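Undergrad:
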Ligand SMILES: C[S@@+](CC[C@H](N)C(=O)[O-])C[C@H]1O[C@@H](n2cnc3c(N)ncnc32)[C@H](O)[C@@H]1O
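And the structure:
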């Protein structure tokens with residue numbers, strides 16, 4: 001125990017953040033095998049968020065025939081079929097889930113909280129993925145350092161997380177943090193080991209929850225997906241650099257096409273970003289709207305519109321606030337502009353057509 005704490009403490013002491021002694025404690029400190037011996041063949045996120053997880057893995061793993069470790073694996077590794085791996089190893093606690101995971105060629109049962117030394121030789125893997133599980137790691141500094149050891153030079157470590165968790169097994173600091181703080185934490189785990197390049201942040205949030213989802217009726221957006229990923233430091237430069245993916249919405253519309261569509265909005269009354277018909281919206285009679293003299297505006301209320309969806313990510317990055325904007329056309333001035341919205345429901349009660 002003293003040895004355990006010392007290792008974690010030695011690495012942690014290099015961190016730029018300050019941790020408290022109980023940060024990595026949990027409500028349930030019983031043996032992890034007990035909790036995870038129960039099979040959970042469930043999806044931990046809604047289908048849209050899971051598809052973002054899959055595409056991100058698909059886009060970032062650029063190695064030919066990579067050897068992949070799914071660290072803290074369950075029954076689904078979220079690895080798309082487009083990746084022709086040489087081998088995928090799943091390390092986790094539940095034998096039945098792992099045996100039923102179609103992506104895996106090898107299963108390793110190992111409790112990383114009891115022993116963070118990963119049971120693999122140095123330089124074994126091209127890619128290590130850790131999905132929806134980082135909340136449960138008690139000794140993250142040691143584990144990240146170990147990942148740095150078992151990855152080959154230039155290999156990818158991809159950590160994907162959201163905001164759902166088994167509360168009693170999540171460590172205190174994770175449980176009590178908000179999404180921004182969790183990003184900072186994971187970034188710190190990467191940086192403090194000194195074994196990785198500067199991590200890149202990926203965010204996908206604010207997207208509409210799929211109608212088929214069991215929580216759709218609550219009106220909450222799709223589960224957010226955050227990822228931090230970095231290559232292990234290496235003495236050579238890659239010939240094919242890894243893509244820099246920071247958002248799930250791909251490239252915005254081509255500028256020329258967008259300008260052309262914007263010019264014709266007055267005639268078509270269609271959103272240039274998604275092509276949907278704009279809704280006629282009554283300008284409310286309140287002091288915040290007195291800058292507009294007209295009674296009506298035309299707004300795109302399509303919750304799938306890329307302009308609106310991307311807005312959540314952009315506003316979050318720029319202001320740290322949970323808000324987006326919708327596309328609005330002012331018929332009196334014949335001009336277009338964004339109108340800020342704090343939620344998907346906002347302004348909708350003003351729709352008149
Ligand atoms: C929420 S599930 C996520 C499973 C999978 N990675 C996914 O994305 O669907 C958490 C996983 O972490 C694994 N896990 C939890 N504590 C662990 C530990 N101490 N050592 C190894 N694996 C652990 C469990 O076996 C479980 O499969």
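In the UniProt record's numbering, the protein residues as written are 1 to 353. The beta carbon of each residue, even a glycine, is placed where N, CA and C say it ideally should be. None of the values given here were measured: they were computed from a predicted structure.
1) For residue 213, which option in 80, 24, 46, 7 has the closest C-alpha, if you only look at C-alpha atoms?
2) State buried or exposed for residue 217, treating a residue as buried only when at least 16 other CB atoms are found within 10 Å of its CB.
3) So residue 149 is in the alpha helix (DSSP H); what residue range does that whole segment cover?
4) Please go through the same chain and pick out, in chain order, the residues whose beta-carbon is closer than 8 Å to the beta-carbon of residue 12, but skip the five residues on each side of it.
5) So what's residue 356 in DSSP terms, helix, strand or just coil?
6) Apart from the five residues on each side of it in sequence, which residues of its chain come closer than 6 Å, Cβ to Cβ, to residue 63?
7) Using a C-beta cutoff of 9 Å, does residue 149 count as contacting chain D?
8) Could you please give the first and the last residue of the uninterrupted alpha helix (DSSP H) stretch that includes residue 173?
9) Comparing alpha-carbon positions, which option in 155, 310, 184, 122 lies nearest residue 242?
10) From residue 326 to residue 281, what does the alpha carbon distance come to, in whole angstroms?
11) Is it true that the CB of residue 110 sits closer than 9 Å to the CB of residue 132?
12) Locate the alpha helix (DSSP H) running through residue 266, then write down its first and last residues.
13) What are the boundary residues of the beta strand (DSSP E) that residue 312 is part of?
14) Let me confirm a value: residue 337 is counted as buried when at least 16 other C-beta atoms fall within 10 Å, else exposed. Which label applies?
15) Nearest to residue 172 by alpha carbon, out of 203, 112, 139?
16) Any heavy atom of ligand 1 closer than 8 Å to the CB of residue 442?
17) Out of curiosity, what's the CA-to-CA distance linking residue 302 and residue 276?
18) Going by DSSP, which residues form a beta bridge with residue 124?
19) Which whole-angstrom value describes the C-beta separation of residue 204 and residue 52, a residue pair presumed to lie in contact below a C-beta threshold of 8 Å?
20) Measuring straight from C-alpha to C-alpha, what distance separates residue 319 and residue 89?
21) Return the chain-ordered list of same chain residues with a C-beta closer than 6 Å to the C-beta of residue 292, the five sequence neighbours on each side being excluded.
22) Just to confirm the assignment: which complete alpha helix (DSSP H) runs, minimum length 4, are found wholly within the stretch 177-227?
TA: To lay it out plainly:
1) 46
2) exposed
3) 140-150
4) 19, 141, 192
5) Nothing about residue 356 can be read from this structure; the chain reaches only from 1 to 353.
6) 126
7) No chain D appears in the structure shown, which is made up of a single protein chain.
8) 172-176
9) Relative to residue 242, the option among 155, 310, 184, 122 whose CA is nearest is 155.
10) Their backbone Cα atoms lie some 12 Å apart in a straight line.
11) no
12) 265-268
13) Here residue 312 belongs to no beta strand (DSSP E); instead the alpha helix (DSSP H) covers 306-319.
14) exposed
15) 139
16) The structure shown does not extend to residue 442, since the chain spans only 1 to 353, so no value can be given for it.
17) It is roughly 7 Å from the alpha-carbon of residue 302 to the alpha-carbon of residue 276.
18) Partner(s): none; residue 124 has no beta bridge.
19) 5 Å
20) 40 Å
21) 283
22) 179-193
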